[in-house]
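Protein chains in written order, with this note's numbering: chain A, 2 to 356; chain B, 492 to 767. Before any comments, here is the structure.
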Amino acid sequence: MPPENAAAAAASQTKDAEDAMDIHQAEQTKHAEQTERAEQTKHAEQTKRAEQTKRAEQANEAGGAGRGQGTKGAERPADPARGGRTQARARAARNRRLVVYATRVLLLIAVLALWEVLARTKTIDPFNFSMPSKIWDQITQWALHGTAQGSLWEQIWYTLYEALFGWIIGVIGGVVLGIALGRVRFLADVLGPYIKVLNALPRIVLAPIFLIWFGLGPASKVASAVVLVFFPVFFNAFQGAREVDRNLVANARILGAGNRRVTLQVVIPSATSWIFTSLHVSFGFALIGAIVGEYIGATKGLGLLVSASQGTFNAAGVYAAMVILAVVALLAEGLLTFAEKRLFRWKPAEPGADR
Amino acid sequence: MITSGKRHSDAPAIELRGASKVFRTPSGGLHTAVRDLDLTVEQGEFVAVVGPTGCGKSTTLTLVSGLEEPTEGEVLVGGVPVEGIGPEVGFVFQQDAVFPWRTVLSNVMAGPRFRGVPTAQAKERAREWLARVGLASFEDRYPHQLSGGMRKRVALAQTFVNDPSILLMDEPFSALDVQTRALMSDELLELWGGTGSSVVFVTHDLEEAIALADKVVVMTAGPATVKQTFPIDLPRPRKVESVRLEPRFVEIYREIWSSLGEEVRITRERGAASAA
């Protein structure tokens with residue numbers, strides 16, 4: 002498929018970081034990091050689960066119908082010696098996991114302890130760099146006694162609400178437009194250059210404009226979240242709609258599907274894996290949009306907490322807000338991964354094995 | 492099986508008259524896949540098309556199916572020119588074309604559902620065909636959980652469930668191992684036996700072609716056109732594994748290969764020339 006039209010060229014940006022603009026480039030690397038990390042954990046989990054089910058199936062088949070399907074019957078758990086060995090292997094895998102977790106926790110403790118010691122011994126300036134104990138104090142104080150703008154939960158809720166709202170709008174817009182442009186050549190040809198121009202814009206500078214347009218309330222934050230979320234989702238949906246296996250489309254058409262059915266039942270399902278990749282990244286963007294919006298001007302939210310702490314030279318406050326944000330983002334990420342697993346039961350266990 | 496009133500009952504099932512297909516290549520050049528092709532498939536006839544790899548055999552099928560239009564010439568199905576994809580056509584693809592996000596049952600139901608059959612009825616028909624291809628107990632699996640041969644059976648059930656009177660098959664078994672292939676060929680003959688549909692079966696395997704078909708059509712090296720047509724007078728019902736050993740089979744094989752081998756050699760020499 003030659004990318005003759007401009008929109009396709011624009012879409013290739015999502016893959017090709019080199020011809021993208023600054024902010025886009027930052028997005029790329031972040032994207033890469035995130036997916037890599039996500040895939041590592043996912044992979045480990047999935048292979049674990051896949052192995053379990055496979056073993057169960059093998060046991061079934063060996064015990065049940067006794068079909069002579071060579072390779073499948075090979076690993077028969079009925080043999081005691083083999084059973085012992087699989088058990089030993091499972092134990093070794095468990096031990097290895099434990100060691101990894103323990104080392105991970107130790108590393109965290111070591112870094113935090115080092116920071117604490119360096120700050121307490123004044124090797125680094127505790128006023129500028131703060132220290133873990135102070136950050137912890139700040140978090141508990143906010144949690145128990147509230148912040149200057151009201152309770153901590155209210156700030157978290159505000160930020161989440163803005164991010165979530167902006168994310169949903171951005172995702173819907175991106176998916177709908179992405180699929181539409183991916184399917185309708187005419188639309189792609191007409192709108193392609195405009196989308197490319199808009200994407201080239203460092204969109205975070207729109208946040209002050211939105212503040213002027215929509216005021217200090219949540220609307221301006223939602224707007225900046227939307228513009229950050231829209232583009233990665235759009236490009237992924239667009240690419241997903243164009244990379245649909247042509248055999249599948251041909252098959253659906255032969256089986257009797259019209260254009261609408263092909264879009265709904267072939268293009269969208271096969272683009273979902275592309276879209277989901279962008280959902281992970283884009284929720285991070287939605288949070289960024291909301292926080293930056295709040296940082297520039299707001300009445301409530303974690304971003305305001307950051308800027309207020311900065312205004313009073315409270316380094317611990319800035320860090321504390323960051324820690325809270327990280328926890329919130331991780332929880333959201335976990336929810337998304339859970340939803341993805343439910344949705345992609347039809348996929349082979351190993352990610353990336355299929356394409 | 493042909494329901495449309497427009498179709499002539501005595502017309503051949505498929506007729507190509509001087510059909511050509513020219514594609515525009517990505518670099519802007521023109522590529523003639525099929526040139527001046529004449530081919531007739533009678534109703535209920537099983538025709539195998541053999542030719543060197545990449546000669547344009549598959550293009551012939553896309554013309555008959557209505558997926559592509561001929562640049563020149565005519566393509567008739569049931570005596571009526573092809574316009575778009577007709578409901579009487581079934582197509583089995585070379586690569587996996589079952590929907591990976593649907594379960595086996597849902598895949599087989601897809602055709603009837605796309606054609607507006609109510610869910611309950613579609614399910615019933617799908618189950619019937621799944622039973623016929625021996626996958627009744629696998630209806631809740633996803634395609635990636637099946638072997639290649641099983642996926643091909645799903646594809647066959649998916650196609651047959653629509654009761655096609657025209658069955659187009661594009662090297663359907665070429666990705667399978669030899670034993671599975673023989674098995675699937677037998678199953679295909681069995682499934683086809685009950686339907687009375689006309690089949691065009693594209694392959695590069697001459698043995699497969701002779702074992703299956705009533706008529707073998709040899710294509711020239713690309714651009715493809717019909718070189719020669721050979722009737723196969725082996726008696727039916729056939730078993731692919733045993734029919735291969737019959738002296739008549741070997742005789743026919745030798746006869747057709749003398750025609751096909753030349754085209755294969757031409758293709759090979761061209762490949763060598765372009766590689767050099």
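All C-beta atoms, glycine included, are put in the ideal place defined by N, C-alpha and C. If you're wondering where the values come from, they're calculated on a predicted model, not measured in any experiment.
Next on the checklist: Contact defined as beta carbons within less than 8 Å: I believe Pro209 (chain A) pairs with Glu163 (chain A). What is the distance between those atoms, to the nearest angstrom?
Outcome noted: Rounded, the Cβ-Cβ distance is 16 Å, inconsistent with contact.
Checklist entry - Mind checking Ile110 (chain A): buried by the 16 CB within 10 Å criterion, or exposed? => result exposed
Next on the checklist: List, in chain order, every chain B residue whose beta-carbon is nearer than 9 Å to that of Ile180 (chain A).
Outcome noted: In chain order: nothing, as chain B lies at least about 16 Å away.
Checklist entry - In three-state DSSP terms, what is Thr516 (chain B)? => result coil
Checklist entry - If you draw a straight line from the C-alpha of Pro738 (chain B) to the C-alpha of Leu647 (chain B), how long is it? => result 31 Å
Item to check | Helix, strand or coil at Phe590 (chain B) according to DSSP, with G and I counted as helix | outcome: coil
Checklist entry - What is the DSSP secondary structure of Ala299 (chain A), reduced to helix, strand or coil? => result coil
Checklist entry - Do you know whose CA, among A:Asn96, A:Phe130 and A:Gly216, lies nearest Ile297 (chain A)'s CA? => result A:Gly216
Next on the checklist: For Val595 (chain B) and Val645 (chain B), which I take to be in contact (beta-carbon distance under 8 Å), what is that distance rounded to the nearest angstrom?
Outcome noted: 5 Å
Item to check | Contact residues within the region 585 to 606 of chain B, judged by C-beta distance below 9 Å to chain A | outcome: Gln585, Gln586, Asp587, Ala588, Val589, Phe590, Pro591, Trp592, Arg593, Thr594, Ala601, Gly602, Pro603, Arg604, Phe605 and Arg606
Checklist entry - If the cut is a Cβ gap below 7 Å, which residues of chain A does Leu521 (chain B) touch? => result Near Leu521 (chain B) there are no residues of chain A at all, since even the closest Cβ is about 16 Å away, more than 7 Å.
Checklist entry - Counting Cβ pairs closer than 8 Å, one from the region 232 to 240 of chain A and one from the region 276 to 286 of chain A, do we hit at least three? => result yes
Checklist entry - Mind listing which residues of the region 542 to 570 of chain B have their C-beta closer than 9 Å to chain A's C-betas, in chain order? => result Thr553, Ser556, Gly557 and Leu558
Checklist entry - How many angstroms separate the CA atom of Thr338 (chain A) from the CA atom of Phe284 (chain A)? => result 12 Å
Checklist entry - Could one say the Cβ of Ala258 (chain A) lies closer than 8 Å to chain B's Cβ atoms, at least one of them? => result yes
Checklist entry - Quick one: does Leu249 (chain A) have its CB under 8 Å from some CB of chain B? => result yes
Next on the checklist: Considering Cα atoms alone, identify which of B:Val669, B:Val652 and B:Asp631 is closest to Ala617 (chain B).
Outcome noted: B:Val652
Item to check | Same chain only: Cβ atoms within 6 Å of Val268 (chain A), ignoring 5 sequence neighbours per side | outcome: Ala242 and Val245
Next on the checklist: Considering only DSSP beta bridges, list what Lys706 (chain B) is partnered with.
Outcome noted: B:Val538 and B:Pro722
Checklist entry - For Phe664 (chain B), does the three-state DSSP call read helix, strand or coil? => result coil
Checklist entry - Is it true that the CB of Gly564 (chain B) sits closer than 8 Å to the CB of Ala715 (chain B)? => result no
Checklist entry - Applying a beta-carbon distance threshold of less than 8 Å, which residues of chain B neighbour Trp275 (chain A)? => result The premise fails here: Trp275 (chain A) is roughly 13 Å from chain B at the closest Cβ pair, so nothing lies under 8 Å.
Checklist entry - How many Å lie between Ala89 (chain A) and Asn96 (chain A) at the Cα? => result 10 Å
Item to check | Identity of the residue in B:Leu736, B:Ile723 and B:Glu615 nearest Ile743 (chain B) by Cα | outcome: B:Ile723
Item to check | Contact list for Asn96 (chain A) against chain B, beta-carbon separation under 8 Å | outcome: What Asn96 (chain A) touches in chain B: nothing, since even the nearest Cβ is about 31 Å away.
Next on the checklist: Does chain B have any CB closer than 8 Å to the CB of Arg357 (chain A)?
Outcome noted: Only positions 2 to 356 of chain A appear in this structure, which leaves residue 357 (chain A) out of reach.
Item to check | Three-way DSSP call (helix, strand, coil) for Ser656 (chain B) in this model | outcome: coil
Checklist entry - In three-state DSSP terms, what is Val100 (chain A)? => result helix
Checklist entry - With distances taken between CB atoms, is the gap from Ala510 (chain B) to Gly547 (chain B) smaller than 8 Å? => result no
Checklist entry - Ends of the alpha helix (DSSP H) at Arg672 (chain B)? => result Val669 to Gly684
Checklist entry - Does Gly74 (chain A) get closer than 8 Å to chain B when you measure Cβ to Cβ? => result Residue placement at Gly74 (chain A) cannot be trusted, given a pLDDT of 41 that sits under 50; what the coordinates show is reported in the next sentence. Answer no: the Cβ-Cβ gap between Gly74 (chain A) and chain B never drops below 8 Å.
Checklist entry - If we call anything under 8 Å between Cβ atoms a contact, is Val230 (chain A) one with Gly175 (chain A)? => result yes
Next on the checklist: So for Ser511 (chain B), helix, strand or coil by DSSP?
Outcome noted: strand
Item to check | According to DSSP, residues forming a beta bridge with Pro572 (chain B) | outcome: B:Leu567
Next on the checklist: Does any residue of chain B have a CB that is nearer than 8 Å to the CB of Trp154 (chain A)?
Outcome noted: no
Checklist entry - Under a CB-based cut-off of 8 Å, is Lys342 (chain A) close to chain B? => result no
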